[in-house]
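J.:
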Amino acid sequence: MNIIKGFRTTFKHLLEEPVTLQYPEQMRPFEARYKGRHHLRRYENGLEKCIGCALCAAACPADAIWVEAAENTDEERYSPGERYAKTYEINMLRCIFCGYCEDACPTQAIELGHEHQLSFTDRRDAIYTKEMLIDPVPSGGKPTPQKVEAGAFDRAIPDMPDPK
Amino acid sequence: MGLTSKLGNLGVVTTTLETAVNWGRTGAMWPLLFGLACCAIEMMSTQASDYDMSRFGMELNRASPRQSDLMIVAGRVTRKMAPVVRQLYDQMAEPKWVISMGDCASCGGVYNNYAIVQGVDEIIPVDVYVAGCPPRPEQLIHGVMTLHEKIKGERVSQWA
Chain W
1 MNIIKGFRTT FKHLLEEPVT LQYPEQMRPF EARYKGRHHL RRYENGLEKC IGCALCAAAC
61 PADAIWVEAA ENTDEERYSP GERYAKTYEI NMLRCIFCGY CEDACPTQAI ELGHEHQLSF
121 TDRRDAIYTK EMLIDPVPSG GKPTPQKVEA GAFDRAIPDM PDPK
Chain V
165 MGLTSKLGNL GVVTTTLETA VNWGRTGAMW PLLFGLACCA IEMMSTQASD YDMSRFGMEL
225 NRASPRQSDL MIVAGRVTRK MAPVVRQLYD QMAEPKWVIS MGDCASCGGV YNNYAIVQGV
285 DEIIPVDVYV AGCPPRPEQL IHGVMTLHEK IKGERVSQWA
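Protein chains in written order, with the numbering used here: chain W, 1 to 164; chain V, 165 to 324.
In structure tokens:
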């Protein structure tokens, strides 16, 4: 009797739908808060949000971020304020995708997106440069460096409403 | 080295042989059951029914290096573990490949200290590095597919 009972369970499972996700073709939807590859954001006019303060590099627990800042001028303006990130590199093999850089950023320049397909055959390929991380120039914006009128973008951090 | 040096360029014969052998190698690559830390949990999840690595010919993780083709170093490698990793790699039969799964295996990750090997490529040659801490099963499968692409590019002249 027990053997029939056992086989009943087996045959019940035979008729079930398989649970396997056919990964490269099918994708499981990600949570909105999922932290994947980083993006460097731009303002609507095309200026970079990153001001090269390197607070993200200071906050990074894995020392994955390398920022080198340079001076902005009104002839060659990359971002509002005094400085911009001349070099911005993230080593994807060091990054632990904790999002502390996102929290530390005073201008919300760096955000962690949903791209997750990060595998490399060479360790050097894992270093993502600024050109690879930065968003394309939005429509209506101009590419950086921009020539702007003097005094228009003196504030590094935009005016924000008081926190509630 | 190998076939081409002995027999000269055989043209279409070696090309077809390459394709067939590389197809065979990518189609049945059994990993070594070798988890070291939290990445191993994701590796188990990749092997389990939800993601199911048998779809890529990785039927099961062998707990014996002599019967496996692929070593997935999943997790941080301590200095004490390093000789063991090297010995297991040496015991694997040719051809063999290594995936360094996760940040710790790839470059030490957050563990920048005296106890952890700063990247498993200090002791064994690594074919594919998978980023993530730990990588999701999707990311590991992507790493496996990257390795398959790499193997498909291998040539007769490179076979040892």
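Glycine included, C-beta positions come from ideal geometry on N, C-alpha and C.
What are the residues in the segment 111-131 of chain W lying within 7 Å of chain V by C-beta distance?
T.: 116, 117, 118, 119, 120, 121, 123, 126
J.: Give me the chain V residues within the contact set of residue 93 of chain W, using Cβ-Cβ distance strictly less than 7 Å, ordered along the chain.
T.: 267, 270, 271, 293, 295
J.: Taking all protein chains shown into account, do 16 or more other C-beta atoms lie within 10 angstroms of the C-beta of residue 321 of chain V, making it buried, or fewer, making it exposed?
T.: Classification of residue 321 of chain V: exposed, given that the 10 Å Cβ count is below 16.
J.: Measure the C-alpha to C-alpha separation of residue 192 of chain V and residue 250 of chain V and round it to an integer number of angstroms.
T.: 23 Å
J.: Looking at chain W, is there any beta carbon in it that lies within less than 9 Å of the beta carbon of residue 165 of chain V?
T.: At residue 165 of chain V the pLDDT is 45, less than 50, meaning the model places this residue with poor confidence; the figure from the coordinates comes in the next sentence. No, no contact with chain W.
J.: Going by other Cβ atoms of all chains shown within 10 Å of its Cβ, with 16 needed for buried, is residue 138 of chain W buried or exposed?
T.: exposed
J.: Under DSSP, the alpha helix (DSSP H) around residue 253 of chain V begins and ends at which residues?
T.: 246-255
J.: Taking the straight line between their C-alpha atoms, what separation do you get for residue 35 of chain W and residue 296 of chain V?
T.: In a straight line, the C-alpha of residue 35 of chain W is about 10 Å away from that of residue 296 of chain V.
J.: Determine whether the Cβ of residue 310 of chain V lies closer than 9 Å to any Cβ atom of chain W.
T.: yes
J.: Expressed to the nearest angstrom, what Euclidean distance is found between the alpha-carbon atoms of residue 268 of chain V and residue 300 of chain V?
T.: 15 Å
J.: Do you know offhand how far residue 57 of chain W's Cα is from residue 278 of chain V's?
T.: 23 Å
J.: Taking buried to mean at least 16 other C-beta atoms within 10 Å of its own C-beta, is residue 281 of chain V buried or exposed?
T.: Flag for residue 281 of chain V reads buried.
J.: Under 9 Å between C-beta atoms, does residue 260 of chain V make it to chain W?
T.: no
J.: Along the chain, where does the beta strand (DSSP E) containing residue 91 of chain W start, and where does it finish?
T.: 83-91
J.: Is it right to say residue 270 of chain V is buried, meaning 16 or more other beta carbons lie within 10 angstroms of its own, or is it exposed?
T.: buried
J.: Could you check how far apart the C-beta atoms of residue 121 of chain W and residue 310 of chain V are, in whole angstroms? I think they sit under 8 Å.
T.: 6 Å
J.: Can you list, in chain order, the residues of its chain whose CB lies under 8 Å from that of residue 97 of chain W, leaving out five sequence neighbours each side?
T.: 35, 36, 112
J.: Do residue 156 of chain W and residue 74 of chain W have their CB atoms nearer than 9 Å?
T.: The Cβ atoms of residue 156 of chain W and residue 74 of chain W do not sit closer than 9 Å to each other.
J.: Residue 40 of chain W CB to nearest chain V CB: under 9 Å?
T.: no
J.: So, with DSSP's three-state summary, where would you put residue 229 of chain V?
T.: helix
J.: In chain order, what are the residue ranges of uninterrupted beta strand (DSSP E) at least 3 long that sit wholly in the segment 38-89 of chain W?
T.: 38-40, 65-71
J.: CB residue 196 of chain V to CB residue 235 of chain V, shorter than 9 Å?
T.: yes
J.: Should residue 22 of chain W be labelled buried (16 or more other beta-carbon atoms within 10 Å of its own) or exposed?
T.: exposed
J.: Around the C-beta of residue 292 of chain V, are 16 or more other C-beta atoms found within 10 angstroms, so that it is buried, or is it exposed?
T.: buried
J.: Residue 83 of chain W and residue 91 of chain W look like a contact to me (Cβ under 8 Å); what is the Cβ gap, rounded to whole Å?
T.: Cβ atoms of residue 83 of chain W and residue 91 of chain W stay farther apart than 8 Å, at about 22 Å.
J.: Exposed or buried, which one is residue 154 of chain W when buried takes at least 16 other CB atoms within 10 Å?
T.: exposed
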